[in-house]
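Each residue of the sequence shown is one higher than the last, beginning at 284 in this note's numbering.
Glycine is no exception: its CB is placed at the ideal position from the N, C-alpha and C atoms.
Keep in mind it's a predicted model, so treat the numbers as computed, not measured.
Notes to accompany the following structure.
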Amino acid sequence: MADSSQYTLICLLIPLIPLIGFIINGLGFRHLPKGSVGIIGSLAAIASFVLSLVLFNGFLSGGSKPITVSYFDWISAGDLRISFSFLIDQLSLLMLMIITGVGSLIHIYSIGYMKHDEGFGKFFAFLNLFLFSMLLLVMGSNYPMMFIGWEGVGLCSFLLIGFWNKNPNYNLAARKAFVMNRIGDLGFLLGIFMIFLHLEV
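Take a look at the structure:
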């Protein structure tokens with residue numbers, strides 16, 4: 284992997300493919316056959332895993348130096364410029380391998396585990412969205428991007444924990460997770476504000 288343009292495309296595709304899987308299954312879960320839904324959701328996770336392997340190999344061959352891949356400025360206020368960008372280093376690559384690798388296995392296992400459930404397509408849409416949110420969380424090169432990923436993970440936790448919403452126990456557990464995530468949100472936001480205030484980043 285010689286030039287940065289290859290990093291740019293691969294880094295974008297790793298979270299984008301699960302997001303596309305979420306959109307397809309989320310919009311079409313009532314009309315798509317279960318077999319297609321399972322294949323689309325699982326292939327999205329597997330494709331991200333394969334691309335993570337490619338990125339890992341390219342990173343090692345490129346000298347293993349941290350790389351920031353920027354796409355555009357998405358927050359501009361006065362002197363404040365926050366870009367939509369990804370940071371690739373040893374830690375983020377390790378997390379990428381774990382998230383996409385384990386995520387792929389979960390998607391494949393869920394094809395059989397959920398095959399008799401009426402909400403099969405919706406479940407796979409939530410799984411793809413969960414994968415996208417986790418990837419955004421670990422790849423984001425700045426705290427606001429990490430916060431967006433954190434919020435997505437919190438939302439998906441609520442949706443998946445309370446997936447069988449006719450069961451009161453699952454609904455209660457989902458509400459508890461939602462409340463705890465909001466407490467985490469407050470701490471996360473306070474930390475971001477203090478960093479920007481005192482470190483002038």
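For this session: Starting from the Cα of S331, find the closest Cα among K317, L376 and L363 and give me that residue.
Result: L376
For this session: Taking the CB atoms as reference points, tell me whether I371 and P349 lie closer together than 8 Å.
Result: yes
For this session: On a CA-only basis, which of R465, K449, L374 and F406 is nearest F430? Give me that one, please.
Result: R465
For this session: Going by CA-CA distance only, name the one from L299, L469 and Y290 that's closest to S344.
Result: Y290
Exercise. So what's S331 in DSSP terms, helix, strand or just coil?
Worked result: helix
Exercise. From L339 to G361, what does the alpha carbon distance come to, in whole angstroms?
Worked result: Note that residue 339 corresponds to Phe in the displayed sequence, not to Leu. Distance between the alpha carbons of F339 and G361 is about 37 Å.
For this session: Report yes if the C-beta distance between S416 and V385 is below 8 Å; otherwise report no.
Result: no
Exercise. Skipping 5 residues on each side, what residues in its chain have a beta carbon closer than 6 Å to that of I307?
Worked result: I323
For this session: Check whether the Cβ atoms of T296 and L334 sit closer than 8 Å, and answer yes or no.
Result: Per the sequence presented here, residue 296 reads as Leu, with Thr not at that position. Taking 8 Å as the Cβ cut-off, L296 and L334 qualify as a contacting pair.
For this session: Could you say if the segment 465-475 and the segment 438-456 meet the contact criterion of at least three C-beta pairs nearer than 8 Å?
Result: no
Problem set entry | Close beta carbons around S424, own chain, < 6 Å, minus the five adjacent residues each side | T351, S368, F369 and L370
For this session: Measure the alpha-carbon distance for P316 versus F476 and round it to whole angstroms.
Result: 47 Å
For this session: Would you mind giving the Cβ-Cβ distance between N411 and G304, rounded to the nearest angstrom? I have them listed as a contact below 8 Å.
Result: 4 Å
Problem set entry | Alpha carbon of G432 to alpha carbon of K405, nearest angstrom | 20 Å
For this session: Tell me whether S353 is buried or exposed, calling it buried when 16 or more other Cβ atoms sit within 10 Å of its Cβ.
Result: exposed
For this session: Report the partner residues of R364 according to the DSSP bridge assignment.
Result: S359
Exercise. Per DSSP, what kind of secondary structure is S387 in: helix, strand or coil?
Worked result: helix
Exercise. Which one of A460, G311 and M422 has the shortest CA to CA distance from M378?
Worked result: M422
Exercise. So what does DSSP say about S416, is it helix, strand or coil?
Worked result: helix
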